[in-house]
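In this note's numbering, the protein residues as written are 12 to 156.
Ideal Cβ placement from N, Cα and C applies to all residues, glycine included.
Below is one structure; the comments refer to it alone.
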Amino acid sequence: MSDLVESSHILTVPTRGKGFVEITRGISAWLEGIGADGGLLTVFVSHTSASLTIQENADPNVRVDLLDALEGLAPEDRAYAHHEEGPDDMPSHIKAMLTSVSLSIPVRDGAMTLGTWQGVYLIEHRAAPHRRRVVLSFIGRAKQA
């Protein structure tokens, strides 16, 4: 019988401004490093102007179209009551609310059970580069030695 593993880690993700940053490999490497076998992974971004998603990782035009859609839902040229931090701040909060700040991903045989064309992404909603904190937490079985 394998041992129970409870582990957490902070993944620091540099961004270049608005856009998607794939973090699948970093998460996979961490799961491998802790010897995860089967269980549940949670991924949480601890910011109010960035978010997470699982999306297609084959065609980059999917991410272009998704960013365009988010811009249409929360444009910067609207008169928001909250505007002290610049024109991209309030739209960033709206986009983070419409997407996700946390994900739950089953882990099986040491790997996230993502589909063939799925990747895990941090979405930066602000125009300026940032360093975002993504908290990873795993609970489940460890691989047998």
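Please name the residue, chosen from the options, that lies closest to residue i on a Cα-to-Cα basis.
i, options, result
"H58", "V73, T23, A85, I116", "T23"
"V133", "G97, G126, L78, L15", "Looking at the sequence itself, residue 133 is Leu, so the reference to Val does not match. With distances taken between Cα atoms, L133 lies closest to L78."
"L51", "G97, R89, K154, R119", "R119"
"A85", "T110, H141, L114", "T110"
"K29", "Q129, R142, I150", "R142"
"T124", "G49, A153, W41, V32", "G49"
"I45", "G97, V131, G121, I116", "G121"
"T35", "T127, A80, R89, Y91", "T127"
"S148", "A156, S39, E96", "S39"
"P140", "R89, R27, D88", "R27"
"V112", "F55, E43, P71, Q155", "F55"
"A156", "E87, I116, A47", "A47"
For residue i, which residues of its own chain have a beta-carbon under 7 Å away from its beta-carbon, when the five flanking residues on both sides are left out?
i, result
"S11", "Outside the shown range of the chain (12 to 156) lies residue 11, about which nothing can therefore be said."
"V32", "V24, T26, Y132, L133, E135"
Could you name the residues of the same chain whose beta carbon sits closer than 6 Å to that of residue i, not counting the 5 residues immediately before and after it, in chain order?
i, result
"I21", "R144, V146"
"D14", "A153"
"Y91", "M101"
"L81", "K106"
"S19", "S148"
Please work out which residues of its chain come closer than 8 Å, Cβ to Cβ, to residue i, disregarding the five sequence neighbours upstream and downstream, and give them in chain order.
i, result
"G37", "L22, V24"
"V73", "Q66, E67"
"H94", "D100, M101"
State the beta-bridge partners of residue i as determined by DSSP.
i, result
"G30", "E135"
"G130", "Q66"
"S19", "S148"
"V24", "R143"
"A47", "A153"
Around the Cβ of residue i, are there at least 16 other Cβ atoms within 10 angstroms (buried) or fewer (exposed)?
i, result
"G130", "buried"
"S62", "buried"
"M12", "Note on M12: pLDDT 49, under 50, position unreliable in the model; no value is reported."
"G151", "buried"
"V75", "exposed"
"A69", "exposed"
Inset, instruction - Ignoring anything shorter than 4 residues or poking outside the segment 90 to 121, list the alpha helix (DSSP H) runs there in chain order. - result: Correct list: 100 to 109.
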